[in-house]
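Here's the structure, in structure tokens; my notes come after.
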Amino acid sequence: MKFTKMQGAGNDYVYVNCFEATVQDPAAVAVKVSDRNFGIGSDGLILIMPSELADVRMRMFNSDGSESEMCGNGIRCVAKYAYDHGIVAKKEITAETGAGILTLQLFTGANGKVEKVRVNMGPPRLTRKEIPMLGNPDEKVISEPLNILHSTFNITCASMGNPHCVIFVDDVDNFEVAKYGPLIENHELFPRRTNVEFVQVVSRTEVRQRTWERGAGETLACGTGSSAVTAACVLNGLTEKKILNHLTGGDLEMEWSEDGNIYMTGPAVEVFSGEINID
Numbered sequence: 002m003k004f005t006k007m008q009g010a011g012n013d014y015v016y017v018n019c020f021e022a023t024v025q026d027p028a029a030v031a032v033k034v035s036d037r038n039f040g041i042g043s044d045g046l047i048l049i050m051p052s053e054l055a056d057v058r059m060r061m062f063n064s065d066g067s068e069s070e071m072c073g074n075g076i077r078c079v080a081k082y083a084y085d086h087g088i089v090a091k092k093e094i095t096a097e098t099g100a101g102i103l104t105l106q107l108f109t110g111a112n113g114k115v116e117k118v119r120v121n122m123g124p125p126r127l128t129r130k131e132i133p134m135l136g137n138p139d140e141k142v143i144s145e146p147l148n149i150l151h152s153t154f155n156i157t158c159a160s161m162g163n164p165h166c167v168i169f170v171d172d173v174d175n176f177e178v179a180k181y182g183p184l185i186e187n188h189e190l191f192p193r194r195t196n197v198e199f200v201q202v203v204s205r206t207e208v209r210q211r212t213w214e215r216g217a218g219e220t221l222a223c224g225t226g227s228s229a230v231t232a233a234c235v236l237n238g239l240t241e242k243k244i245l246n247h248l249t250g251g252d253l254e255m256e257w258s259e260d261g262n263i264y265m266t267g268p269a270v271e272v273f274s275g276e277i278n279i280d
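Start counting at 1 in the sequence shown, then tack on 1, and there's your number in this note's numbering.
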């Protein structure tokens, strides 16, 4: 199987051009290629596919083989691959995802290759039925207490096509993400599990985020998570609507626009290409 390894803010995936190839069992392939000792090493597998509705289609599989609706860092790399490899020839494209069709603006560097992508992530979905969460289906979850072990966290939840639970902490770098992340991910409140963002507010225009990603564990960045964090910050009155999010793998420029959509701008980097035996 031919592949290309790409990363956006350190959130790395193995990409397969399904305009030219077919992946028979993507869930199993995702597990194999993601292994950082016996495979390529990644947070998962992303298929770049033809679409009847958009310029390209993205399917995304976590490192445990589960399929997710959307990946914000992944979609930027899909856009870069599509432009740099001649699948598309324009700098504003559409991409079909499990979270709907997204519009992306591409910014090229001096070498003509895409360096940065701005994604219209759409509006945050804030009711329990949209996330989804148990409880009153039309209720929003903003700074609601959640008991985990002997601690109580105030959670704010949103969906960006996939579920997110945002928790504000005082010292995110020393927070026990690996301890609390999986407990919240698999909490009975979330019937489809959830991604968990632990966030420290630096100022009215800056935050620092760490992510426990559903099906992958802690990752260096999460674009949909950064979008959910942007909404949570505004809903809790902690920041302005335009912020810089410092993730472990790099920075993302975020804006909850007056049109109701959240816009994310960040890097997309091609690391290397090769072939792997997946039999």
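Just so you know, even glycine gets a beta-carbon here, dropped at the ideal spot from N, CA and C. Quick caveat: nothing in here was measured; it's all calculated off a predicted structure.
In the DSSP assignment, T225 falls outside any beta strand (DSSP E) and lies within the alpha helix (DSSP H) extending over G224 to L236.
Runs of the beta strand (DSSP E) lying entirely within the segment 158-186, each at least 3 residues long, are 164-169 in chain order. Under DSSP, the beta-bridge partners assigned to G267 are V118. Non-local beta-carbon contacts of G226 in its own chain, meaning distances under 6 Å to residues more than five positions away in sequence, involve H165, N196, E198 and T212 in chain order. Minimum Cα-Cα distance from A233 among the listed residues T220, G251, E219 and Q210 corresponds to Q210. For the pair of segments examined, the segment 110-129 was found to touch the segment 146-165: the number of CB pairs separated by less than 8 Å reaches three. Straight through space, the alpha carbons of Y82 and V24 are spaced by roughly 18 Å.
Under a 10 Å Cβ-count criterion, N278 is classified as exposed, with fewer than 16 other Cβ atoms of the shown protein chains found around its own Cβ.
Setting aside the 5 residues that flank it on each side, T109 is surrounded in the same chain by V115, each with a C-beta closer than 6 Å to its C-beta; the list follows chain order. For H247, the beta-bridge partners assigned by DSSP are R209 and D252.
In the same chain as D56, and ignoring 5 residues on each side of it, the C-beta atoms closer than 6 Å to its own belong to V89, I94 and T95, in chain order. The segment 131-142 makes no contact with the segment 168-178: fewer than 3 CB pairs, one atom from each, lie closer than 8 Å. M134 sits close to P192, with the two beta carbons spaced by under 9 Å.
Distance from M7 to C78 at the Cβ level is roughly 4 Å; contact confirmed, criterion being Cβ atoms closer than 8 Å.
Within the segment 19-92, the complete beta strand (DSSP E) runs of at least 3 residues fall at 45-50 and 57-63.
The beta carbon of I132 is closer than 6 Å to those of C158, S160 and P164 in its chain, skipping five residues each way along the sequence. R58 is positioned such that its CB atom lies closer than 9 Å to that of T98.
Contact between A217 and D44 holds: CB atoms are separated by about 5 Å, below the 8 Å threshold. In the structure shown, R193 adopts coil according to DSSP, grouped into three states.
When only Cα atoms are considered, S64 and E241 end up about 34 Å apart.
Minimum Cα-Cα distance from L221 among the listed residues G250, M2 and E256 corresponds to G250.
Less than 9 Å divides the Cβ of A22 from the Cβ of M2. Within the DSSP secondary-structure output, T95 pairs in a beta bridge with T104. Excluding the 5 residues flanking it on each side, D85 has same chain C-beta neighbours closer than 8 Å at K114, V115 and E271, in chain order.
Under a 10 Å Cβ-count criterion, N148 is classified as exposed, with fewer than 16 other Cβ atoms of the shown protein chains found around its own Cβ.
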